[in-house]
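Trainee: If you count by my numbering, then the sequence shown holds residues 301 to 471, one letter each, in order.
Beta carbons are placed, not taken as given, at the ideal position from N, Cα and C, and that holds for glycine.
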Amino acid sequence: MAVEQNEVDHDTTASGSGSTGSVHTGPVPLRKGTTFETLAVCGFIFGLFAIVAAIFAVGLAARAASDASGGGGSGSAGGGGGGAAVTEVSLGEFFIKPPDATAAADSVLKVKNDGTMDHDLAVEGGPATEMLKPGGEGELDLAGVAAGTYTWICQVPGHADAGMKGTITVQ
Ligand SMILES: [Cu+2]
Numbered sequence: 301m302a303v304e305q306n307e308v309d310h311d312t313t314a315s316g317s318g319s320t321g322s323v324h325t326g327p328v329p330l331r332k333g334t335t336f337e338t339l340a341v342c343g344f345i346f347g348l349f350a351i352v353a354a355i356f357a358v359g360l361a362a363r364a365a366s367d368a369s370g371g372g373g374s375g376s377a378g379g380g381g382g383g384a385a386v387t388e389v390s391l392g393e394f395f396i397k398p399p400d401a402t403a404a405a406d407s408v409l410k411v412k413n414d415g416t417m418d419h420d421l422a423v424e425g426g427p428a429t430e431m432l433k434p435g436g437e438g439e440l441d442l443a444g445v446a447a448g449t450y451t452w453i454c455q456v457p458g459h460a461d462a463g464m465k466g467t468i469t470v471q
C-alpha cells in the first residue's frame, strides 16, 4: 500500500513537473539564451565593423590630405602654377604668405615681415632678401632667375621646419 502510493505519487509529480518543466521552463530560457547570444555576437561584429570602418575612414582622409598636398606641389612644379602672379609676400611666425606663389620673370617682390622676430626670404640657390626686422620690408629680386619652380624658405635656423617653407614659381 505504502509502496504503491509512493510510486503513484512519485509518478504523477514526476511526470507533472517534468512535462511542465520541459514545456515551459526548458525551451524559454534556451530561446532567450540563444537570442541574447546572437544579439551579443551581432553587436560585437557590428562594433568591429564600425571600428574597422572608422580606421579606414581616417586612413583614407589622411591619404586624401597627403595626396592633395602632394598633388598640389607636383602640379605647381610641373604646370607652373596658374594662379595670379604675386608682387607682395608676408612673413611671420611661422609662415610665408602665400606659401606657394607664382611670380612674373624678372619681377621684384616686396617682402614684409609681419611677425615679431627677424625673418628673411630666400629662393633656394637664388636670391634672398636681407634679414628683416619685425615690421621691416625688403625686396626679393627675381632678375635672372630662370623660369621654374623653386623652394623658398626663411633662413633663420628652425624657421623653415616650423612652417616658413614653400615654393616660388617663376614664369
Ligand atoms: Cu623666419
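Is it right to say K524 is buried, meaning 16 or more other beta carbons lie within 10 angstroms of its own, or is it exposed?
Mentor: Beyond the ends of the chain as shown, which are 301 and 471, falls residue 524; an answer cannot be given.
Trainee: Return the bridge partner residues of S390 from the DSSP annotation.
Mentor: Translated into positions along the sequence shown, residue 390 becomes position 90. Partner(s): K397, K412.
Trainee: Report all residues from its chain with a CB closer than 6 Å to the CB of K397; omit the five preceding and five following residues, and keep chain order.
Mentor: Along the sequence shown, one-based indexing puts residue 397 at 97. Result list for K397: S390, in chain order.
Trainee: Excluding the 5 residues preceding and the 5 following D406 in the sequence, name in chain order all residues of the same chain whose CB lies nearer than 7 Å to its CB.
Mentor: The residue you call residue 406 lines up with position 106 of the sequence shown. Answer for D406: L442, A443, listed in chain order.
Trainee: Go to D420, then tell me how far its beta strand (DSSP E) extends in each direction, as first and last residue.
Mentor: Residue 420 sits at position 120 when you count from the first residue of the sequence shown. Neither: D420 is in no beta strand (DSSP E) and is coded neither H nor E.
Trainee: In chain order, what residues place their C-beta within less than 5 Å of a heavy atom belonging to ligand 1?
Mentor: H419, C454, V456, H459, M464
Trainee: Is the beta carbon of F395 closer than 9 Å to that of G438?
Mentor: Within the sequence shown, numbered from 1, the residue matching residue 438 stands at position 138. Within the sequence shown, numbered from 1, the residue matching residue 395 stands at position 95. With respect to F395, G438 sits apart: the two C-beta atoms are not nearer than 9 Å.
Trainee: Apart from the five residues on each side of it in sequence, which residues of its chain come closer than 6 Å, Cβ to Cβ, to G392?
Mentor: Here the question's residue 392 lines up with position 92 in the sequence shown. D414, G415, listed in sequence order.
Trainee: Please identify the residue among V408, L421, T429 whose C-alpha is closest to the C-alpha of P399.
Mentor: Taking the first residue of the sequence shown as 1, we reach residue 399 at position 99. Looking at V408, L421, T429, the one whose alpha-carbon comes closest to that of P399 is L421.
Trainee: Can you give the beta carbon distance from A403 to I468, rounded, assuming they're within the 8 Å contact cut?
Mentor: Mapped onto the sequence shown, residue 403 falls at position 103. Mapped onto the sequence shown, residue 468 falls at position 168. Contact flag correct, Cβ pair sits at about 6 Å.
Trainee: A447 CB to nearest chain D CB: under 9 Å?
Mentor: Structure shown: chain D not included; a single protein chain is present.
Trainee: Residue ranges of each beta strand (DSSP E) run of no fewer than 3 residues wholly in the segment 430-466, ordered along the chain?
Mentor: The qualifying runs are 437-441, 448-453.
Trainee: Quick one: what's A385 bridged to in DSSP?
Mentor: As a working mapping, residue 385 is identified with position 85 in the sequence shown. A385 is not bridged to any residue.
Trainee: Is it buried or exposed, A460, if we count other Cβ atoms within 10 angstroms and call 16 or more buried?
Mentor: Along the sequence shown, one-based indexing puts residue 460 at 160. Taking all protein chains shown into account, A460 has 16 or more neighbouring C-beta atoms within 10 Å of its C-beta and is therefore buried.
Trainee: Look up A428 in the DSSP assignment and say whether it is helix, strand or coil.
Mentor: Residue 428 sits at position 128 when you count from the first residue of the sequence shown. In the three-state reduction of the DSSP assignment, A428 falls in the strand class.
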